[in-house]
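Taking my numbering, I'd label the letters of the sequence shown as residues 12 to 364.
Every residue, glycine too, gets a C-beta built ideally from N, C-alpha and C.
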Amino acid sequence: MVIKVTMQQIADHLGVSKFAVSKALSGKPGVSAETRDKIVSVATQLGYFVNKQTNTAAKRNKPASFITNTRDTVILLVPKVRFQTRDSYFWGRIIDGVTEELADRDISALVVTENFKDNFSNLINPNGVLGIIGVGYIASKMLLEIRNLGIPFVLVDHEDPLIPSDVLFMNNMECTRRVTNYLIGCGHTKLQFVGNTRYSRSFVDRYIGYRTMMEEHGLPLNQEERLLSFEGGNRSEITEALEVIVKELINEQRLPTAFVCANDSIAICMMTVLGKLSVQVPGQCSVTGFDNIEDAAWAKPTLSTVNVQKEAIGRRAVEMLLRRLEHPDSLQEKILLAGEFIIRESTALPVGG
Numbered sequence: 012m013v014i015k016v017t018m019q020q021i022a023d024h025l026g027v028s029k030f031a032v033s034k035a036l037s038g039k040p041g042v043s044a045e046t047r048d049k050i051v052s053v054a055t056q057l058g059y060f061v062n063k064q065t066n067t068a069a070k071r072n073k074p075a076s077f078i079t080n081t082r083d084t085v086i087l088l089v090p091k092v093r094f095q096t097r098d099s100y101f102w103g104r105i106i107d108g109v110t111e112e113l114a115d116r117d118i119s120a121l122v123v124t125e126n127f128k129d130n131f132s133n134l135i136n137p138n139g140v141l142g143i144i145g146v147g148y149i150a151s152k153m154l155l156e157i158r159n160l161g162i163p164f165v166l167v168d169h170e171d172p173l174i175p176s177d178v179l180f181m182n183n184m185e186c187t188r189r190v191t192n193y194l195i196g197c198g199h200t201k202l203q204f205v206g207n208t209r210y211s212r213s214f215v216d217r218y219i220g221y222r223t224m225m226e227e228h229g230l231p232l233n234q235e236e237r238l239l240s241f242e243g244g245n246r247s248e249i250t251e252a253l254e255v256i257v258k259e260l261i262n263e264q265r266l267p268t269a270f271v272c273a274n275d276s277i278a279i280c281m282m283t284v285l286g287k288l289s290v291q292v293p294g295q296c297s298v299t300g301f302d303n304i305e306d307a308a309w310a311k312p313t314l315s316t317v318n319v320q321k322e323a324i325g326r327r328a329v330e331m332l333l334r335r336l337e338h339p340d341s342l343q344e345k346i347l348l349a350g351e352f353i354i355r356e357s358t359a360l361p362v363g364g
């Protein structure tokens, strides 16, 4: 028998009112962000979300034949956060994969890309929504609303620590371990990771992969912290920020022989900076990226990078959502997709190697 966790139990656990718990778990205003996070965290720990089965969710338990032969709607949720737009080399291809797979299954798609000022629940009719696929960062408050509406959802390249769900990632850690291991095998011992780890969960995982491989080879990390925290909303801003840091590394004779960049755009900006400062790539410094966007193959020199099959990620997300609809009570999944390291002109043995 499943023990039902009540709002009153959560309130008693935290020493707050049941009213505050209700507000926090419904995603409504009236409690501070800090209090809401505490309430959601305790609710997760006590099993409130796991044991809560809504009537709406039960109604969505449809056989696969019905799911794949109707014109139900799947919402593709892509908030306008930084580069998360349909025009993005990376995110746009994932969105294309989702919409193409839905079209193949005769399921209509609604791409929602607005910044929401009102409650999400006020903008949609939950009974007309088959499910939701969130691409990139989705705020906890919005995920709470979706959860409370009883709409099944899958997250791509994002995992919320408070709201459990099915999630789909590239195997970011292992892919970056492979890149780092390759560079070390070429003879590089002075490396630096480049990417703001506050930008996304994927950047964090890529940095962890890089760091663990350095540690396994017994190499000192000596990480320049500013390369993990620089800001920039576009390539021009990123290039400007990196130039300041790289200039100092050169002046202090701390320039590494290889930069492992968190994505291709950052890598291309790094190669621009190095060229401007008369550092030859790959003659004096190797550079790698991640994602294999179109610009990677056109860069001068062409960029060594991890190939991410972006459309395939989108299609796989649809499969995950349909599986959740068929098996609403099954264990939640975290799927990691493999990537291929493509060696191009931007990497070589270090000078003297």
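Distance, Cα to Cα, residue i vs residue j?
i      : j      : result
LEU360 : VAL298 : 12 Å
VAL140 : LYS345 : 23 Å
ARG237 : GLY206 : 9 Å
THR187 : ASN233 : 18 Å
GLU226 : VAL85  : 44 Å
ILE324 : HIS338 : 21 Å
ILE249 : PRO231 : 26 Å
PRO293 : GLY161 : 52 Å
HIS2   : SER119 : What the structure shows of the chain is the stretch from 12 to 364, and residue 2 is not part of that stretch, so it cannot be assessed.
ILE157 : GLY350 : 31 Å
ASP171 : SER151 : 7 Å
GLU305 : VAL123 : 25 Å
LYS34  : GLY41  : 7 Å
VAL109 : GLY147 : 13 Å
GLY142 : ILE135 : 12 Å
GLU45  : ASP168 : 24 Å
THR358 : GLN291 : 11 Å
According to the neighbour-count rule (16 or more other Cβ atoms, all chains shown, within 10 Å of its Cβ), is residue i buried or exposed?
i      : result
ASN138 : exposed
VAL16  : buried
ASN271 : The identity of residue 271 in the sequence shown is Val, whereas the question assumes Asn. Buried.
ARG71  : For ARG71, the pLDDT reaches just 46, beneath the cut-off of 50, and the residue's location in the model is therefore unreliable, although a value from the coordinates is still provided. That one is buried.
SER102 : Reading the sequence as shown, one finds Trp at residue 102 and not Ser. Answer is buried; the Cβ neighbour count reaches 16.
ASN262 : exposed
LYS321 : buried
For the alpha helix (DSSP H) holding residue i, just list the boundary residues, first then last.
i      : result
GLU112 : 102-115
Please work out which residues of its chain come closer than 6 Å, Cβ to Cβ, to residue i, disregarding the five sequence neighbours upstream and downstream, and give them in chain order.
i      : result
SER52  : LEU173
GLU356 : PRO312, THR313
Need the endpoints of the beta strand (DSSP E) that residue i sits in, please.
i      : result
GLU351 : 351-353
GLN203 : 202-205
Who are the near neighbours of residue i in its chain, counting only those whose CB is closer than 7 Å to its CB and skipping five residues on each side?
i      : result
GLN343 : PRO175, SER176, ASP177
PHE30  : none
GLN64  : Here the model assigns GLN64 a pLDDT of 42, short of 50, so the residue's position is not dependable, and the following value carries that caveat. Result list for GLN64: empty, nothing under 7 Å.
Quick one: residues in its chain with C-beta nearer than 8 Å to the C-beta of residue i, no 5 flanking neighbours on either side, listed in chain order?
i      : result
SER240 : ASN207, THR208, ARG209
Is the stretch 214-222 in contact with the stretch 241-260, if contact means three or more CB pairs nearer than 8 Å? no
For the 8 Å Cβ check, are there 3 or more pairs between the stretch 328-343 and the stretch 104-117? yes
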